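Reviewing the structure listed below.
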Amino acid sequence: MTPLPERAGRRCHNALNPLHSTLYFGSHLGGHLAPYGIDDATACYLAARAAPLGAVGAGAVTATFYNFNHTLIARFVPEVWEYASPDTVLAARLRAVDATLRDLLGAETLASPEVAEAAELALRAAEGCSRPGRPLYAGNAELPVPEPAHLALWHAATLLREHRGDVHIAMLQQVGLDPLEALVTHTATGRGMAPKWVLGTRGYSEKDWESARSRLMERELLDEQGELTADGAALRTELEEETDRLDARPYEHLGAERVARLTELGRGLSAAVTEAGAFPQGLFGKG
Numbered sequence: 023m024t025p026l027p028e029r030a031g032r033r034c035h036n037a038l039n040p041l042h043s044t045l046y047f048g049s050h051l052g053g054h055l056a057p058y059g060i061d062d063a064t065a066c067y068l069a070a071r072a073a074p075l076g077a078v079g080a081g082a083v084t085a086t087f088y089n090f091n092h093t094l095i096a097r098f099v100p101e102v103w104e105y106a107s108p109d110t111v112l113a114a115r116l117r118a119v120d121a122t123l124r125d126l127l128g129a130e131t132l133a134s135p136e137v138a139e140a141a142e143l144a145l146r147a148a149e150g151c152s153r154p155g156r157p158l159y160a161g162n163a164e165l166p167v168p169e170p171a172h173l174a175l176w177h178a179a180t181l182l183r184e185h186r187g188d189v190h191i192a193m194l195q196q197v198g199l200d201p202l203e204a205l206v207t208h209t210a211t212g213r214g215m216a217p218k219w220v221l222g223t224r225g226y227s228e229k230d231w232e233s234a235r236s237r238l239m240e241r242e243l244l245d246e247q248g249e250l251t252a253d254g255a256a257l258r259t260e261l262e263e264e265t266d267r268l269d270a271r272p273y274e275h276l277g278a279e280r281v282a283r284l285t286e287l288g289r290g291l292s293a294a295v296t297e298a299g300a301f302p303q304g305l306f307g308k309g
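As structure tokens, this is what we get:
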């Protein structure tokens with residue numbers, strides 16, 4: 023078997039992850055949960071992403087999501103399960119995924135051979151995932167693979183996203199970055215969410231953000247301009263490389279040639295949803 027090129031798994035993940043994320047930036051998730059009385063955007067996100075875990079409390083959601091303020095989560099969890107059970111939320115989530123992807127890609131693309139091929143490859147990669155130590159992946163892995171192909175692709179992209187995310191959290195703890203420090207350093211790379219989006223969605227204040235920056239400056243990971251120092255950049259590199267190592271099995275299972283093909287297909291579909299307006303302007307970057 024041909025060895026995987028360096029960072030091939032990360033590139034494949036990055037190509038597919040936007041397909042997973044589209045659900046949380048459109049209107050359909052809220053529209054499908056509103057009839058049950060779940061009409062706050064944060065409540066919709068928390069319910070939809072946590073539902074595979076069952077009717078868990080705020081502590082479990084804080085632990086598995088990592089970078090949300092626990093106070094924000096506790097405003098909605100576990101009360102959200104009084105409005106709709108996890109099974110009800112999961113059914114609404116899948117209907118919302120279908121509507122979202124139809125809006126962004128159109129029926130012709132969804133029925134294309136490329137989407138079917140991407141779904142087949144992504145599901146094959148997910149066969150290489152493992153449950154121990156990966157709670158969000160494990161919860162989603164218990165769900166049946168939906169039909170048609172575009173829903174199966176979203177499901178597989180979600181499995182791969184949560185599998186990587188679970189081990190990424192372990193590595194954040196390993197390198198000593200608390201939830202907000204992780205967000206600040208990710209934003210400083212230019213690839214994370216812009217500060218206004220972090221503060222608007224994760225439940226932190228500007229004072230919290232500045233406190234995290236101060237802690238990072240004390241550790242000489244961030245400079246006074248909010249840029250990563252050499253040590254800070256090295257830490258982020260170490261973090262991503264160790265995450266790659268712990269997330270390698272799905273892509274090793276798929277094999278180098280099929281990983282390259284899945285990456286190609288994922289990039290094309292992700293570019294299409296982005297061009298269709300799946301994500302708001304200014305979502306990513308340092309500004």
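The sequence shown: position 69 = 91 (my numbering), numbered continuously.
Glycine included, each C-beta is placed from N, C-alpha and C at the ideal position.
On a predicted model such as this, the values are computed, not experimentally measured, just so you know.
Supposed contact pair residue j and residue i - C-beta distance, whole angstroms, cut 8 Å
| i | j | result |
| --- | --- | --- |
| residue 220 | residue 209 | 7 Å |
| residue 242 | residue 251 | 6 Å |
| residue 175 | residue 41 | 7 Å |
| residue 59 | residue 105 | 4 Å |
| residue 147 | residue 275 | 6 Å |
| residue 211 | residue 199 | The Cβ separation is near 13 Å, so there is no contact. |
Beta-bridge partners of residue i, as assigned by DSSP
| i | result |
| --- | --- |
| residue 215 | 306 |
| residue 244 | 250 |
Cβ-based burial, residue i [other Cβ within 10 Å; buried from 16]
| i | result |
| --- | --- |
| residue 183 | buried |
| residue 295 | buried |
| residue 300 | buried |
| residue 266 | buried |
| residue 285 | buried |
| residue 240 | exposed |
| residue 213 | exposed |
| residue 136 | exposed |
| residue 227 | exposed |
| residue 74 | buried |
| residue 293 | exposed |
| residue 161 | buried |
| residue 70 | buried |
| residue 259 | exposed |
| residue 222 | exposed |
| residue 56 | exposed |
7 Å Cβ cutoff met for residue i and residue j
| i | j | result |
| --- | --- | --- |
| residue 144 | residue 178 | yes |
| residue 118 | residue 51 | yes |
| residue 314 | residue 188 | Any answer about residue 314 is impossible in this case: the structure gives the chain only from 23 up to 309. |
| residue 99 | residue 111 | no |
| residue 272 | residue 128 | no |
| residue 116 | residue 168 | yes |
| residue 201 | residue 88 | yes |
| residue 38 | residue 288 | yes |
| residue 93 | residue 48 | no |
| residue 34 | residue 281 | yes |
| residue 86 | residue 158 | yes |
| residue 269 | residue 186 | yes |
| residue 190 | residue 132 | no |
| residue 203 | residue 181 | no |
Coil, strand or helix - residue i by DSSP
| i | result |
| --- | --- |
| residue 109 | helix |
| residue 199 | coil |
| residue 156 | coil |
| residue 236 | helix |
| residue 29 | coil |
| residue 168 | coil |
| residue 151 | coil |
| residue 136 | helix |
| residue 98 | helix |
| residue 292 | helix |
| residue 222 | helix |
| residue 120 | helix |
| residue 52 | helix |
| residue 192 | helix |
| residue 125 | helix |
| residue 62 | coil |
| residue 179 | helix |
CB contact below 7 Å: residue i versus chain C
| i | result |
| --- | --- |
| residue 37 | Included in the structure is just one protein chain, with no chain C present. |
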